[in-house]
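J.:
In our numbering, the protein residues as written are 1219 to 1382.
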């Protein structure tokens, strides 16, 4: 059985460990190793995660027993709209296809509804196989975005939304 719990600052090492295990597999054929390292440091350093956890983002961990299998993060009232933004969702490779991602998404849907959001939005790399996962859960592509993340790197993304 998958259980979901809200993360705190003491869970930063767990979040980092999952990110460092999943990112090379998820993005290794999409991004250069230099961009991969740059983005991991930008988004998953101790300071970055602490700031995310203590400002607007909520992180959630998915467990089977005492083993953490993945995490998500979301933000309500994204850009002062009735939108819940799914910023991150990563599942360990050995746990993919076992309902962990779906459980984390269902958790975000519950949070969005409690917050009276109209939409859940996310960005996903155009070449990420997760695009089909999101489509299966009802998300639709609403735009394409190229986002400059510094150091000469772009994120080439789809913006996807799920109407609630």
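Where is the CB? At the ideal position from N, CA and C, for every residue including glycine.
1) Would residue 1336 be called buried (16 or more neighbouring beta carbons within 10 Å of its own) or exposed?
2) The ligand NAD and residue 1289: does any heavy atom of the ligand fall closer than 7 Å to the residue's C-beta?
3) Along the beta strand (DSSP E) that carries residue 1221, what are the first and last residues, could you check?
4) Going by C-alpha distance, which of 1225, 1250, 1327 and 1276 is nearest residue 1357?
5) So, at 8 Å on beta carbons, what are the nonlocal neighbours of residue 1375 in its own chain, with the 5 sequence-adjacent residues on each side left out?
6) Helix, strand or coil for residue 1285? Go by DSSP, reduced to three states.
7) For residue 1246, count neighbouring C-beta atoms within 10 Å of its own C-beta (all shown protein chains included) and say buried if the count is 16 or more, exposed if not.
8) From residue 1294 to residue 1305, what does the alpha carbon distance come to, in whole angstroms?
9) Using DSSP with H/G/I as helix, E/B as strand and the rest coil, what is residue 1265?
10) What residues match up with residue 1377 in a beta bridge as DSSP calls it?
11) Below 8 Å on the Cβ atoms is my contact criterion, and I expect residue 1360 with residue 1377 to pass it. Report the Cβ-Cβ distance as a whole number of Å.
12) Look at the Cβ atom of residue 1280, then the Cβ atom of residue 1322, and state whether they are nearer than 8 Å.
13) Taking the C-alpha atoms as reference points, what is the distance between residue 1312 and residue 1373?
14) DSSP three-state call for residue 1302: helix, strand or coil?
15) Can you tell me which of 1254, 1233, 1308 and 1275 puts its alpha carbon nearest to the alpha carbon of residue 1297?
16) For residue 1335, which of helix, strand or coil comes out of DSSP?
T.: Quick look at the numbers:
1) Within the chain shown, residue 1336 is the residue found at index 118, counting from 1. Exposed.
2) This structure lacks the ligand NAD, and indeed carries no ligand of any kind.
3) By 1-based counting over the chain shown, the position of residue 1221 is 3. 1220-1224 is the extent of the beta strand (DSSP E) around residue 1221.
4) If you number the chain shown from 1, residue 1357 lands on position 139. Answer by Cα proximity: 1327.
5) Residue numbering aside, residue 1375 sits at position 157 when the chain shown is read from its first letter. Closer than 8 Å at the Cβ level, and outside the excluded window around residue 1375, lie 1341, 1342, 1343, 1344, 1362, 1363, 1364 and 1365.
6) In the chain shown, the residue the question calls residue 1285 occupies position 67. Note: residue 1285 maps to strand in three-state DSSP.
7) Position 28 of the chain shown, counted from the first residue, corresponds to residue 1246. Its Cβ having fewer than 16 others within 10 Å, residue 1246 is exposed.
8) One-based indexing of the chain shown puts residue 1294 at position 76. One-based indexing of the chain shown puts residue 1305 at position 87. Distance between the alpha carbons of residue 1294 and residue 1305: 11 Å.
9) Translated into the one-based positions of the chain shown, residue 1265 becomes position 47. Three-state result, residue 1265: helix.
10) Locating residue 1377 in the chain shown gives position 159, counting from the first residue. Answer by DSSP bridge pairing, in chain order: 1341 and 1361.
11) Within the chain shown, numbered from 1, the residue matching residue 1360 stands at position 142. Within the chain shown, numbered from 1, the residue matching residue 1377 stands at position 159. Going by Cβ atoms, the distance from residue 1360 to residue 1377 rounds to 5 Å, so yes, they are a contact pair.
12) As a position in the chain shown, residue 1280 is number 62, starting the count at 1. As a position in the chain shown, residue 1322 is number 104, starting the count at 1. Result yes, Cβ atoms of residue 1280 and residue 1322 sit closer than 8 Å.
13) Translated into positions along the chain shown, residue 1312 becomes position 94. Translated into positions along the chain shown, residue 1373 becomes position 155. Cα to Cα, the separation comes out at about 26 Å.
14) The sequence position of residue 1302 within the chain shown is 84, counting from 1. Residue 1302: strand per DSSP, three-state reduction.
15) On the chain shown, residue 1297 is found 79 positions in, with the first residue counted as 1. Of the listed residues, the one whose Cα sits closest to residue 1297 is 1275.
16) Here residue 1335 is taken as the residue at index 117 of the chain shown, counted from 1. Three-state result, residue 1335: coil.
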